[in-house]
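Numbering-wise (the numbering used here), the sequence shown opens with residue 1 and increments by one. Glycine included, C-beta positions come from ideal geometry on N, C-alpha and C. Written below as C-alpha cells is the structure these notes are about.
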Amino acid sequence: MYKYLIIPGFQGSNENHWQSHWEKKYALKTDRVTLQDFTNTEKRYWTTSIFEQIKKSDNQYIIIAHSLGALSFVHTYSRYVINNVKAALLVAPPDVEENENASFLNEFSPVPKFRFEIPVYLVASSNDHYCTLERAKEMAQSWGAELINIGAKGHINSESGIGDWPEGQQLLNKLINQN
1 MYKYLIIPGF QGSNENHWQS HWEKKYALKT DRVTLQDFTN TEKRYWTTSI
51 FEQIKKSDNQ YIIIAHSLGA LSFVHTYSRY VINNVKAALL VAPPDVEENE
101 NASFLNEFSP VPKFRFEIPV YLVASSNDHY CTLERAKEMA QSWGAELINI
151 GAKGHINSES GIGDWPEGQQ LLNKLINQN
C-alpha cells in the first residue's frame, strides 16, 4: 500500500492551491511535509525536513511536489538513501541556475544531475515565470523523468485558475499505474 506525500513550495500551498484540494480529496492516504517556515530558503532546512518525514514513515510514498518542494525533493533524493518512494510527480520546479525570478533560491544551485531510479513526471508550463520550458526539458532529461508540457498555465499554482487540477490527477493516476 502507498500514501501520497505532498511537498508544497516556497510559502506553502494556500487553501486554493491544487495540492490543498488533493490533500482534502485523498485525506486518508495523504501526508504533507510540514515546515515551521515555508519562507526559509536554506537548502539543508528543506532537504532535512523532507528526508525526516520520509524516513520516519513505514509507508511507500508517491511524491506530489510543487515548485521549491519539487526541487527540494530532487536534492533530497540525490543526497540520501531513500527506499520507500515509489514515484514522483514534480510540478513546476524553479530554474535556480538561469532564471532571475528564482535567484532568491540560489542556495539550491546547482541543480543535481542524476537519474532517478523511480518513475518521475516533471510537469511544466509553457509560460512559467520561474522556469522556461527549455530548462524544464533539460532537467527532465538529466533526471530520466518524463516531461509533460501542460501549455500556458503559469507556475501551475492557485493563480493559474486550475482549481483542483483534474488533468494533474489524471497524470498522477497514469504515473501510479506505471508501477
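From the listed residues N14, V81, Y45 and H66, the smallest Cα separation to K55 is found for V81.
By the Cβ neighbour-count rule, P166 is exposed, with fewer than 16 other Cβ atoms within 10 Å of its own. Residue pairing of I64 in beta bridges, as defined by DSSP: I6 and L89.
Remark: fewer than three beta-carbon pairs, one from each stretch, lie closer than 8 Å, so the segment 112 to 121 and the segment 150 to 161 are not flagged as touching. For K43, the CB contacts under 8 Å within the same chain, skipping 5 residues up- and downstream, are S72, H75, E107 and F108 in chain order.
The C-beta distance from I6 to W22 rounds to 7 Å, short enough to meet the 8 Å contact threshold. Ranked by how close their Cα comes to the Cα of L171, the residues S13, P119, C131 and V33 have P119 in first place.
Taking a contact to require three or more Cβ pairs closer than 8 Å, the segment 48 to 65 and the segment 86 to 94 qualify as touching.
With respect to the C-alpha of T34, the residue from I162, A87, Q53 and T41 having the closest C-alpha is Q53. With fewer than 16 neighbouring CB atoms inside 10 Å of its own CB, F104 falls in the exposed class. Under the three-state reduction of DSSP output, E146 falls in the strand class. Between Y77 and A102, the C-beta gap is not smaller than 8 Å, which leaves the two residues out of contact. Rounded to the nearest angstrom, the gap between the Cα atoms of N173 and Y4 is 12 Å. For T30, the enclosing beta strand (DSSP E) has its first and last residue at T30 to R32. For L122, the enclosing beta strand (DSSP E) has its first and last residue at V120 to A124.
Excluding the 5 residues flanking it on each side, F51 has same chain C-beta neighbours closer than 6 Å at T76 and Y80, in chain order.
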